[in-house]
Every structure is written in structure tokens, then in C-alpha cells.
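Protein chains in written order, with our numbering: chain A, 1 to 115; chain B, 1001 to 1111. Here a beta-carbon is modelled for each residue, glycine too, at the ideal position from N, C-alpha and C. Values in this document were obtained by computation on a predicted structure and should not be read as measured data. See structure below.
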Amino acid sequence: KQEVTQIPAALSVPEGENLVLNCSFTDSAIYNLQWFRQDPGKGLTSLLLIQSSQREQTSGRLNASLDKSSGRSTLYIAASQPGDSATYLCAVRPYSGAGSYQLTFGKGTKLSVIP
Amino acid sequence: NAGVTQTPKFQVLKTGQSMTLQCAQDMNHNSMYWYRQDPGMGLRLIYYSASEGTTDKGEVPNGYNVSRLNKREFSLRLESAAPSQTSVYFCASSGDLYEQYFGPGTRLTVT
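So this is what it looks like as C-alpha cells:
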């Protein structure tokens, strides 16, 4: 059974710092990996989607990488701002089979950017 | 462009009452999903619909039913609510690339 782990569970950084959030998964047979942001009391906002054939994706100050063979993904946030404070979740979609529509989510990293 | 919308935003039920959560998407996506999010448990899939006319169980389907009314709408029904169903419910949809887009959620309390 796929397991997704995000460490650390919480992270506090001063404004302007570059930071990396980690996501690891146990089964490398994935179709894609998606990073989300969730603000308190809100739904999930999709940040980046990386297909299994890709190594990285970029959107503005965000860069996500994928190393499928080692079961790892990182989300790099450049020049962090207080508005980046949120919980960040990663989720993997299996490659095929009866459960291929089921995303497996990590429990998230709660990021606080201190002004 | 509204994306994924859900109604209601909040609901309080007594044990044994029934209700239907509504979800609609305007992105012409084939697939739609219902999740629940609980502290310490993360997000868990209840049911999904890979395409119009099909529905399948996810990880935690017991106590729920779903209807894919048309391509846009996917509803979740609680026939006899239980306190264990107190949760935040999210609807999501995805297209050909399987990137999932989420609605704002329904916060349900069962007393």
C-alpha cells in the first residue's frame, strides 16, 4: 500500500528565506505527483503537477522536483513571504490498476513565514 | 470561472438525519471525487466517478452514497448520519491530465 510522508510536520522561517519542503513515497509506480496548498478553513489549491516522466516543474517562485526511483519530491519556495504561510500537501496517483483514481496524500507541512 | 462549487458550506445534523451534499464543476472534467478530511487522518477518498455514468468506492465508502447526475454534478448522500461522519467534505474534479481541483468544502457536524 502506498504511503506518503512529509517531514517536517511544521516549519517556521523568517521572511525572505528560501526553503524546501519534502515528500517521500514508498511505491515508485506512480502516474503523477501533485503539490497543493491549503489555507485554514479553505479547500486545496493545486500548485504544481509533475508527471512521472518529468523531473521538475516551475511556477513563479515555486519549483517542484521528482526523483521517482528514490521515491522523493521536493517543493522549493524562493524568497518566502508571509502570504506563503499555509499547509502544503503532496499527493501521488498510482500508475494503473483498480485504484488508479485514488490519490494518496501526505499529512502536510504547516509553513509559517515570519515577517 | 467558478471551478468546483459545493453547497452547503456548513451543516449541523442530528444523529439519524439524512442530507445530500452538492458539487458542480464547470471545467468539463470527466472525473469527480468526494473526500473527507479529519485531523490526524488526512484526506481520504470516499467515492469517485471516473466518467459520467460510473461511480466507484474509495477508501472509506461506508455510510455514504453518491450520484453522478450529469457530467457537471456529483452529489454525496448521508442516509443516516452518525457522529463519526463529523468532518470536512471536499469535492474535486480532474480532466485528461488527472490534475485534481478542489472545491471550498462543507463543514459537517453530527450531534
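Residue i CB to nearest chain A CB: under 9 Å?
i         : result
B/Val1004 : yes
B/Asp1056 : yes
B/Glu1099 : yes
B/Glu1059 : yes
B/Tyr1033 : yes
B/Ala1050 : yes
Taking the beta strand (DSSP E) that residue i belongs to, which residues open and close that run?
i         : result
B/Ala1024 : Met1019 to Gln1025
B/Ser1032 : First, the amino acid is wrong: residue 1032 of chain B is Met here, not Ser. Ser1031 to Asp1038 is the span of the beta strand (DSSP E), which, as asked, contains B/Met1032.
A/Pro8    : Careful: A/Pro8 lies outside any beta strand (DSSP E) and carries neither H nor E.
B/Gly1105 : Unbroken run through B/Gly1105: none, as it is neither H nor E.
A/Arg61   : Neither: A/Arg61 is in no beta strand (DSSP E) and is coded neither H nor E.
A/Leu19   : Leu19 to Phe25
A/Pro40   : Here A/Pro40 belongs to no beta strand (DSSP E), and DSSP marks it neither H nor E.
A/Lys110  : Thr109 to Ile114
B/Gln1011 : Phe1010 to Leu1013
Quick one: residues in its chain with C-beta nearer than 7 Å to the C-beta of residue i, no 5 flanking neighbours on either side, listed in chain order?
i         : result
A/Gln2    : Phe25, Thr26, Asp27, Val92, Pro94 and Thr104
A/Ile30   : Ser52, Lys68, Val92, Arg93, Pro94 and Tyr95
B/Ala1024 : Thr1005, Arg1072 and Glu1073
What residues in its chain sit with their C-beta under 6 Å from that of residue i, if we drop five residues either side in the sequence?
i         : result
A/Trp35   : Leu47, Leu48, Ala64, Leu75 and Cys90
B/Gln1022 : Thr1007 and Ser1075
A/Ser12   : Ser112
B/Phe1010 : Arg1107
A/Arg72   : Ser24
Give the interface partners of residue i over in chain B, defined as CB-CB distance under 7 Å, in chain order.
i        : result
A/Phe105 : Gly1042 and Leu1043
A/Gly43  : Phe1090, Phe1102, Gly1103, Pro1104 and Gly1105
Closer than 8 Å by C-beta to residue i: which residues in its own chain qualify, once you throw out the five before and the five after it? Chain order, please.
i         : result
B/Thr1111 : Val1012, Leu1013, Lys1014, Thr1015 and Pro1083
A/Pro82   : Glu15, Val113, Ile114 and Pro115
B/Val1060 : Arg1036, Arg1044, Leu1045 and Ile1046
Just checking my contact of residue i with residue j at CB under 8 Å: how many whole Å lie between their CB atoms?
i         : j         : result
A/Ala78   : A/Arg61   : 4 Å
B/Tyr1126 : B/Phe1090 : There is simply no residue 1126 of chain B to check, as chain B begins at 1001 and stops at 1111 in what is shown.
B/Ser1031 : B/Ala1050 : 5 Å
When the cut-off is 9 Å and only beta carbons count, does residue i lie next to chain B?
i       : result
A/Phe36 : yes
A/Tyr95 : no
A/Ala86 : no
A/Ala91 : yes
A/Gly60 : no
A/Leu49 : yes
A/Tyr76 : no
A/Asn63 : no
Name, please, each residue of chain B whose Cβ falls closer than 9 Å to the Cβ of residue i.
i       : result
A/Gln57 : Correct list: empty, because the minimum Cβ distance to chain B is about 11 Å.
Taking C-beta pairs closer than 8 Å, name the residues in chain B that residue i reaches, listed in chain order.
i        : result
A/Gln102 : Leu1045, Tyr1048, Gly1058 and Glu1059
A/Ser46  : Glu1099, Gln1100, Tyr1101 and Phe1102
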